[in-house]
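Residue numbers (the numbering used here): 2 to 218.
Beta carbons are placed, not taken as given, at the ideal position from N, Cα and C, and that holds for glycine.
Just so it is clear, the structure is predicted and the values come from calculations on it, not from any experiment.
Worksheet: one structure, shown below.
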Ligand SMILES: [Zn+2]
């Protein structure tokens with residue numbers, strides 16, 4: 002059985018390896034988990050003893066097949082709980098991430114099977130993230146960041162990379178909701194900020210920081 006912290010480490014290594022496409026550095030992990038490098042090293046040794054990661058001192062870490070399977074299970078539970086909180090309990094999409102961070106550690110397989118059935122087998126969470134399959138596969142989405150979209154292109158807002166309450170409330174205020182069609186009107190050469198038009202016809206300013214957290218197709 003994995004402890005709470007171990008599950009969070011596996012999840013952190015998984016998400017960092019997607020971002021950096023390769024081995025994850027101890028420093029990056031320390032930063033993401035907000036812990037001292039020495040404690041990170043301790044944890045990595047433990048996970049390595051359990052054969053959940055490949056780890057050599059002074060080199061990066063990588064999940065083993067079993068480590069990745071466990072990470073994806075935690076992510077699957079997290080995203081299913083987020084759907085439950087929004088669809089069944091009426092929470093806003095800006096209020097569910099922190100609660101799901103706790104619920105994701107309940108390990109009953111039967112609970113997950115029933116939750117998935119109760120929700121009618123959702124494919125995406127309220128932030129547009131794909132839900133890993135029961136077999137532990139992460140579905141491919143092929144989404145692009147809004148920063149990669151050219152002027153004049155019409156795209157659909159599919160998902161957000163940042164799940165903080167502040168960020169999601171900012172999107173709500175700007176009228177940027179999942180599923181809406183947006184058109185890039187201008188890209189500012191100086192700071193790469195964008196002006197986009199939403200399908201309701203209003204023009205919205207998006208800083209580069211906002212735009213790089215929006216996934217479109
Ligand atoms: Zn979340």
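When burial is assigned at 16 or more other CB atoms within 10 Å of the CB, is residue 187 buried or exposed?
Your numbering for residue 187 matches position 186 in the chain shown. Exposed is the call here.
Alpha carbon to alpha carbon, how far is residue 79 from residue 159? Give it in angstroms, no decimals.
Here residue 159 refers to the residue found at position 158 when the chain shown is read from its first residue. Here residue 79 refers to the residue found at position 78 when the chain shown is read from its first residue. Whole-angstrom Cα-Cα distance: 19 Å.
Quick check on residue 100: does DSSP put it in helix, strand or coil?
As a working mapping, residue 100 is identified with position 99 in the chain shown. Three-state DSSP puts residue 100 in a helix.
Three-state class that DSSP yields for residue 53 in the structure shown:
The count along the chain shown starts at 1 and reaches residue 53 at position 52. The answer is coil: DSSP assigns residue 53 none of H, G, I, E or B.
Own chain partners of residue 163 with C-beta closer than 6 Å, once the 5 adjacent residues on each side are dropped:
Your numbering for residue 163 matches position 162 in the chain shown. Same-chain partners within the cutoff: 214.
Taking the straight line between their C-alpha atoms, what separation do you get for residue 53 and residue 86?
Position 52 of the chain shown holds residue 53. Position 85 of the chain shown holds residue 86. The straight-line gap from Cα to Cα measures roughly 30 Å.
Go through its chain and collect everything with a Cβ distance to residue 97's Cβ below 8 Å, but skip five positions before and after it.
Numbered from 1 along the chain shown, position 96 holds the residue referred to as residue 97. Excluding sequence neighbours, residue 97 sits near 82, 83, 86, 87, 127.
Taking any heavy atom of ligand 1 as the mark, which residues have a C-beta closer than 6 Å to it, listed down the chain?
This criterion selects 79, 83, 98, 101, 164.
Find out if the Cβ-Cβ distance for the pair residue 56, residue 45 is shorter than 8 Å.
Residue numbering aside, residue 56 sits at position 55 when the chain shown is read from its first letter. Residue numbering aside, residue 45 sits at position 44 when the chain shown is read from its first letter. Taking 8 Å as the Cβ cut-off, residue 56 and residue 45 qualify as a contacting pair.
Give the DSSP-derived three-state secondary structure of residue 192 in the structure shown.
The residue you call residue 192 lines up with position 191 of the chain shown. Coil at residue 192, not helix or strand.
Beta-carbon separation (whole angstroms), residue 15 vs residue 64, contact threshold 8 Å:
On the chain shown, residue 15 is found 14 positions in, with the first residue counted as 1. On the chain shown, residue 64 is found 63 positions in, with the first residue counted as 1. At roughly 6 Å, the Cβ-Cβ gap stays under 8 Å, so residue 15 and residue 64 are in contact.
Let me make sure I understand the geometry here. Which of 61, 41, 116, 42 has the alpha-carbon closest to that of residue 77?
For the purposes of this step, residue 77 is taken as the residue at position 76 of the chain shown. Of the listed residues, the one whose Cα sits closest to residue 77 is 116.
When we look at the beta-carbon of residue 2 and count the other beta-carbons within 10 Å, is it buried (16 or more) or exposed?
Start at 1 with the first residue of the chain shown, and residue 2 comes out as number 1. Its pLDDT being 49, under 50, residue 2 is placed unreliably in this model, and the value from its coordinates should be taken loosely. Residue 2 comes out exposed.
Taking the Cβ atom as the reference point for each residue, do residue 17 and residue 30 lie within a distance shorter than 8 Å?
Start at 1 with the first residue of the chain shown, and residue 17 comes out as number 16. Start at 1 with the first residue of the chain shown, and residue 30 comes out as number 29. Between residue 17 and residue 30, the CB-CB gap stays under 8 Å.
Do residue 196 and residue 228 have their beta-carbon atoms positioned less than 8 Å apart in this structure?
As shown, the chain starts at 2 and ends at 218. That puts residue 228 outside it, with no answer to give.
In this structure, does DSSP put residue 187 in helix, strand or coil?
Within the chain shown, residue 187 is the residue found at index 186, counting from 1. Note: residue 187 maps to strand in three-state DSSP.
Residues that DSSP places opposite residue 155 in a beta bridge:
Against the chain shown, residue 155 aligns to sequence position 154. Residue 155 pairs with 184.
Buried or exposed for residue 8, going by 16 or more other Cβ atoms inside 10 Å?
The sequence position of residue 8 within the chain shown is 7, counting from 1. Buried, since its Cβ has 16 or more Cβ neighbours within 10 Å.
In angstroms with no decimal places, state the Cα-to-Cα distance between residue 70 and residue 136.
Counted from its first residue, the chain shown places residue 70 at position 69. Counted from its first residue, the chain shown places residue 136 at position 135. Between residue 70 and residue 136, the C-alpha separation is close to 9 Å.
Range of the contiguous alpha helix (DSSP H) that encloses residue 92
One-based indexing of the chain shown puts residue 92 at position 91. Taken as a continuous stretch (DSSP letters only), residue 92 belongs to no alpha helix (DSSP H), as it is neither H nor E.
Is residue 154 near residue 181, with beta carbons less than 8 Å apart?
The count along the chain shown starts at 1 and reaches residue 154 at position 153. The count along the chain shown starts at 1 and reaches residue 181 at position 180. The answer is no: Cβ separation not under 8 Å.
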